[in-house]
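Asks:
Chains as they are written, first to last, in full-length UniProt numbering: chain A, 1 to 253; chain B, 1 to 253; chain C, 1 to 253; chain D, 1 to 253; chain E, 1 to 253; chain F, 1 to 253; chain G, 1 to 253.
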């Protein structure tokens, strides 16, 4: 209804409301999230699975330096999608909050509490002038009192709790895939399969082990565990998703 | 009377007066409230009812994480509509004010006092530069000296006291429904029925238990109580408002 | 003389002078005052009368929550017109000044002194950047050393002393009515009659008790007293101004 | 030489130089002074006379509340023209400076010293960003070591010393009148006559006692004295300037 | 080469460079200097002469209040041209620097040192945002270790040392006159004659004693001395420059 | 898809998101990097090689003053490309971080830790207002616990780990060259050859010793070592890359 | 490639990147340098030579007050070109740094260290908002541990080390002259001849002694020495560069 000229007005200034009650800077930050490769979280009865697409633009780039899964605390992992440098700021913030909680109360921070401290921090950047919003979405997974929990933080600073979710590129297709295939009864391995299947579904059906990141937070151990390449490769093979690396290289040329 | 070009001028800057004495940023924040799903408050002789529409966009999203009813203090509940992250800021502010009051005066904060501290906080964001207004309306319900009280805070920072009110989407229709059907003599169950009937009236006559939030603050107990899904389902059944969940799922497809 | 384009220039920025020496933001704030319902103040030999139009947009809204008459100190009342949330800020400021005066000098603040502290506060918001002016006018009534005093504060921060005045909607007609009918010899009841007559004159000749606010500050008691609905109804009946509530409701439909 | 478009550029921002070396915001503030009713100062051998036009827009407005002559110290009076709320700020500043001087040096502040402290304060608002200039001119009259002194402060922050001057509306005509009729030998009564004659000269030859403010600072007493209405009326009668109040009222209708 | 549209861009903002490396705000401040009446400084072997044109717009304005020559310290005088209120700020700054030097080092400040502290202060206002440049040029004259010194400060904050110079209106013609007639061997009286001749050369050959300011800083006394009207009149007479005051008055009419 | 007009909007303000989720100021800062001459980093089993193109525009300019390789700590070297003055700021920041780490923990800072402290610093300049991003990319090479590490920091504040990379002019061609010729088994000399070959590949096949900078951080010594001109010349000769200096001079003319 | 309209966008705001990665405000500051008269530095085996063109616009202006060569420390001299007032700020900054170094470490500051502290200071003004860049280039010459050193600081904050360089007007021609005629074996006198020859080459082959500034920092003495007019005249005569002063004066007329 409103023309392009009017919309431009909201692009320039600080984060203010448009006549229809929207915050364009926040919506543009959401676009920054979509520009990032996909990240997936799946909650199972036995724990939480984090899986990410981390394709690297050059064979000389170390896969490990494309940080998309981070340990926030012993019992909490975070996957991100969007503006990488912004993600690092929020991860650091989350880690400091976890440490402060441990120091102050002598026990690990709750996953929900941690998520909400992060979203409150994000919200400030959408209301108070002098800074732009964070161009990143986080998937926060962990164990609260023996219960697996899975949260999302979006650029507006809203926390959501999910059974399974995707953020970043192809979110629409991935979320559809998760909705169709999610099984409340699945164990951790089932969750891993679902996450990898979903990622493969938007990658012509196969994945390369170095282009995937995988981590779990197990209800038993209450420990965040990031998977090595070999273990990822086994999972891909088990799920019949292992791509042909040479083929991929050729197609790059 | 004023053309679109002129109106644009007020969209860009900080919150300033237009030639006809309006604060456009505040009015746009009201549009942000309308973009949120509806929340209803009903005051009865026996206490206050808070009811909210919390339809979730995905079956994988945890209904419980769509926070629209919050406990502000033992005797005060708050329902919100509009920008979710902004609502969280105001709820946190309200909780801190309640705690400070308890610490300072050794007794619970009054519902009216609490509401006005929140609206004064909101007003600051409409007058002093460097920030945008809050894009949220709150319904504050509680018990003051044995009396049920029901307040609204709007984005301008004005407090209103109501017998029954709706904020958010469909406010017009909902408020009409409440005005036509409000009964000063009703008890808490009557208030719950009115609130659910109103919500159903803009949802083709039926509601799903997971898409509704319900809470009361009872004059007897002076305690905020949020209802579980089962209890909501019973109420919907009693009031002949229970929708068919499968049908809803189908219509989504 | 100046075209619309030029005028726009002054709308956008902070409060600065226009080429003809006007402060547009202050003038627009005056428009915000006119958007509010009317408030009236009448000074009589026996005290000051404050009367306000407080029609509520919904029968479910508590009349009492439409705050237009406020107690600033035991001997000072303030009626407001304009942006409600701004009024609350100024009332709070006035109350703090009254308390500070009591603490510092051990006696109640003078009505004139209080008014001027408020107007100095208002002026700051019209000269120093980073905030907008207050969109509200106040009528400050009280007793100074046994003398009734009646002041106005306007959005520029100018104090005026009046025998009788109106602010807000219909100011022009109301002020004309007051000028024609003001009687220097009137007692408090005469002042109340004048104020109600004036309000009725712009409301088709009658008023509903719940749509009127009334308060006095009596020279005898030196106490601010806000009237209950029953007493207002008696006054309306006495002055043959009592409207028909049902009719009003019908006309709403 | 420069078109209207260029001039607009200087209207919007803070106080900066135009290409021809002018400060438009200061010049616009001078227009704000012209929008105020006239004030006159006359220095005689026996003291200083301050006279102001203080016509009130409504008979219900207390003449006394139209403050145009202020006591700054026992021996200093100030008349103002322009933006009333700004004048109050400068008067308050002047009073504080006078008190500080008394406390620090144990003697009254010099009239010239006081004027220059005020003009330095005014200048700051024309050079440093974040605020607009003061839209007011002051006439500062007083006694320095037995000598009558008469100063002007203008919106640029420049101090001038005068034998007789006018500021505000009709400044041109009034200043011409003063130049033609000023008598260096006149006593205080002669000064009062000159000031009233000048004011009458731009008011169809007559004045109403309630529309004039009059004050003197006498060399003998070194005391600022503001005149009551009766005394003003006598002076008007003596000078054959007394207008017909009823006629004035009629002409208003 | 650049059109008017481009130039406007530099008028609006803070002091920034134009594409050709100029600071327009500083150049416009130089225009403000040209708008002021002329001031002249002449250095002779026996001391420094300061002479200023101080024509007053009204016979009722006290000539003495048109401050163009100021005593900065016992041995330093300053003449100014341009924005009067800005000049006062710089003079005050210079006086404080002189006092600080006396307190700190127990001896009078050097004329060159003083000038450079003033120009450093001026420069700050051309580089750091939030304020405009000073619209004034100063001529600083004084005695350093028995040597007469004569400096200029310009709005960019550059110090220059001169044998003789003019600033303000008619600078071009006056500077030409000084260059043609300057005599390195002249004594103080010779310097006074040169300064008055120069001023008269742009005033139809004659000057009125009340329209000229004159001061010297003598190498012998090392004291700043401002001349009274009588003494100025004598000098004008001696130099055959005395104008006819009545004629001047007539020509005003 | 978006026209030039829209893009301009993002050029002017602070660093904000565009509608497609990009940060133009950061992307323009990347252009500033491309404007700088190329820098290359190569990680080998025996250590890290840093090589830079440092052609100087004049034979009178000291080659050594074109700083493109810097020692950050005994075991860490940094090569830069882009805005030279910005690079100096980041190098200084890195050095201070290294010193602080040594003081606080009594051991050298990790290369990865150091890189991430630098990127977090860079990110702040892309999110918080009042400053522009850094227009520089850094290649950070060093030894972590006996392991050679090679990182990049880009203007968005993202850290990447590489086996070999190029930044600055001709990045595309250089990176292609590195990808085709990188040998994981190479020793330090092999790394030097690769880096020099790459640089020569975009310089018509030969290099002059004074136009190349070369440094290594050896796994054995854990020491940063910058090469003198003679040693560079030997390497160029060995690799048959040594250009003819006279010829280069001629082509300049 | 980009039109004039686009370029304007970068002129107005603070120092931000253009789409092609340039900082226009810094480039415009370089234009300010070109507007200044030329300065030259020559490094010889026996020390450093600084020579400047300091033509004065009026014969009444003291040549000595056109400051283009400054003593920064006993062993360091600085020549400047560009905005004079900015140069003074940087010189003062350099002097303070030299003093601080002496106080802190008990020995003179290194020439390179000093230069880099100045360039870091300059860089801040190009990155952090609220100020403009410095419109000046400095030539810093001095002795470091017995070695002559010659540096340049440019408006971006980049330090360069030179054998010989020119900044300011005619930089291109002067730098060409220096490149063609520089002799690495020259002694101080040779350096002086080169510098004066270069200056004369762009002044029709001759120079006037009062229009040239000359200084050396000798390796022997490690002392900055500024030359008097007589000595400059001798050098000009020796080098057959002495112009005819009367002729110059005539050509001015």
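Think of the CB as a built atom: it goes at the ideal place given N, C-alpha and C, for glycine as much as any other residue.
Residue 164 of chain E and residue 126 of chain D look like a contact to me (Cβ under 8 Å); what is the Cβ gap, rounded to whole Å?
Replies: Not quite, the Cβ-Cβ distance comes to about 32 Å (not below 8 Å), so this is no contact.
Asks: Out of A:100, A:169 and A:112, which has the shortest C-alpha to C-alpha gap to residue 203 of chain A?
Replies: Out of A:100, A:169 and A:112, A:169 has the C-alpha closest to the C-alpha of residue 203 of chain A.
Asks: Pick helix, strand or coil for residue 121 of chain C, following the three-state DSSP scheme.
Replies: In this structure, residue 121 of chain C counts as helix in the three-state DSSP scheme.
Asks: Could you work out which residue in D:66, D:227 and D:72 is closest to residue 143 of chain D when comparing CA atoms only?
Replies: The candidate whose alpha carbon is nearest that of residue 143 of chain D is D:72.
Asks: If you measure beta-carbon to beta-carbon, which residues of the region 193 to 207 of chain G are closer than 7 Å to chain F?
Replies: Here the close residues number zero.
Asks: Quick check on this structure: which residue in B:59, B:39 and B:58 has the alpha carbon closest to the alpha carbon of residue 52 of chain B?
Replies: It is B:39.
Asks: Relative to the C-alpha of residue 91 of chain C, which candidate in C:123, C:101, C:99 and C:78 has its C-alpha closest?
Replies: Out of C:123, C:101, C:99 and C:78, C:78 has the C-alpha closest to the C-alpha of residue 91 of chain C.
Asks: What whole-angstrom Cβ distance do residue 178 of chain C and residue 194 of chain C have, given they're in contact under 8 Å?
Replies: About 7 Å; that satisfies the 8 Å criterion.
Asks: If you check the beta carbons only, do residue 30 of chain E and residue 155 of chain E fall under 8 Å apart?
Replies: Yes, the Cβ-Cβ distance between residue 30 of chain E and residue 155 of chain E is below 8 Å.
Asks: So, residue 47 of chain G versus residue 219 of chain G, is the Cβ gap smaller than 8 Å?
Replies: Yes, the Cβ-Cβ distance between residue 47 of chain G and residue 219 of chain G is below 8 Å.
Asks: Let me see if you follow: with CB-CB separation under 8 Å, is residue 77 of chain F close to chain G or not?
Replies: Not one chain G Cβ lies under 8 Å of residue 77 of chain F.
Asks: According to the neighbour-count rule (16 or more other Cβ atoms, all chains shown, within 10 Å of its Cβ), is residue 107 of chain F buried or exposed?
Replies: By the neighbour-count rule (16 or more Cβ atoms within 10 Å), residue 107 of chain F is not buried but exposed.
Asks: Return the first residue and the last residue of the beta strand (DSSP E) that residue 226 of chain B is part of.
Replies: Residues 224 to 226.
Asks: Applying the 10 Å Cβ sphere with the 16-neighbour rule, what's the burial state of residue 138 of chain G?
Replies: Flag for residue 138 of chain G reads buried.
Asks: Counting only C-beta atoms, is residue 20 of chain E closer than 8 Å to chain G at any point?
Replies: Residue 20 of chain E counts as touching chain G.
Asks: Under 8 Å between C-beta atoms, does residue 215 of chain C make it to chain B?
Replies: For residue 215 of chain C, the answer is no, since every Cβ of chain B falls outside 8 Å of its Cβ.
Asks: Just tell me which of A:111, A:173 and A:162 has its CA closest to the CA of residue 184 of chain A.
Replies: Closest by alpha carbon: A:162.
Asks: Measuring CB to CB, does residue 19 of chain G end up less than 8 Å from residue 28 of chain F?
Replies: It is a contact, given that the beta carbons lie within the stated cut-off.
Asks: Name, in chain order, the residues that DSSP records as bridge partners for residue 70 of chain A.
Replies: Answer by DSSP bridge pairing, in chain order: A:78.
Asks: Helix, strand or coil: how does DSSP classify residue 153 of chain D here?
Replies: Strand at residue 153 of chain D.
Asks: If you draw a straight line from the C-alpha of residue 253 of chain B to the C-alpha of residue 42 of chain B, how long is it?
Replies: Model confidence at residue 253 of chain B stands at a pLDDT of 37, short of 50, so the residue's coordinates are unreliable; what they give is reported in the following sentence. Their Cα atoms are separated by approximately 35 Å.
Asks: Using a Cβ cut-off of 7 Å, pull out every chain F residue sitting near residue 16 of chain G, in sequence order please.
Replies: By Cβ distance, chain F contributes 25 and 132.
Asks: Determine the chain G residues that contact residue 120 of chain E at a beta-carbon separation under 9 Å, and present them in chain order.
Replies: Going along chain G in sequence order, the residues near residue 120 of chain E (Cβ under 9 Å) are 85, 88, 89 and 92.
Asks: Helix, strand or coil: how does DSSP classify residue 241 of chain A here?
Replies: DSSP places residue 241 of chain A in coil when its eight states are reduced to three.
Asks: Starting from the beta carbon of residue 82 of chain E, find every residue of chain G whose beta carbon is closer than 9 Å, and list them in chain order.
Replies: Neighbours of residue 82 of chain E on chain G: none; closest Cβ ~17 Å, over 9 Å.
Asks: What residue from C:35, C:214 and C:240 has the CA that sits closest to residue 141 of chain C's CA?
Replies: Residue 141 of chain C has its Cα closest to that of C:214, out of C:35, C:214 and C:240.
Asks: If we count the other Cβ atoms within 10 Å of its Cβ and call it buried at 16 or more, is residue 100 of chain D buried or exposed?
Replies: By the neighbour-count rule (16 or more Cβ atoms within 10 Å), residue 100 of chain D is not buried but exposed.
Asks: Have a look at F:223, F:222 and F:237 and flag the residue whose alpha-carbon is nearest the alpha-carbon of residue 229 of chain F.
Replies: Taking only the C-alpha atoms, the option nearest residue 229 of chain F is F:237.
Asks: Is the CB of residue 60 of chain D under 8 Å away from at least one CB in chain H?
Replies: Annotation note: the requested chain H is absent from the structure, which comprises protein chains A, B, C, D, E, F and G.
Asks: Using a Cβ-Cβ distance cut-off of 8 Å, determine whether residue 54 of chain G contacts chain E.
Replies: Not closer than 8 Å to any Cβ of chain E, the Cβ of residue 54 of chain G fails to qualify, so no.
Asks: To be precise: take each residue of the region 154 to 180 of chain G, compare its Cβ to all Cβ atoms of chain F, and keep it if any distance is under 9 Å. Which residues remain?
Replies: Result list: 154, 156, 157, 158, 159, 160, 161, 162, 163, 164, 165, 175, 178 and 179.
Asks: Answer with yes or no whether the minimum CB distance from residue 97 of chain A to chain B is below 8 Å.
Replies: So, not an interface residue.
Asks: What would DSSP say about residue 109 of chain D, mapped onto helix, strand or coil?
Replies: Here residue 109 of chain D sits in coil by DSSP.
Asks: Take residue 33 of chain D and list the residues in its own chain whose beta-carbon comes closer than 7 Å to its own, dropping the five residues that flank it on each side.
Replies: Contacts found: 81, 82, 135, 136, 137, 155, 167 and 168.
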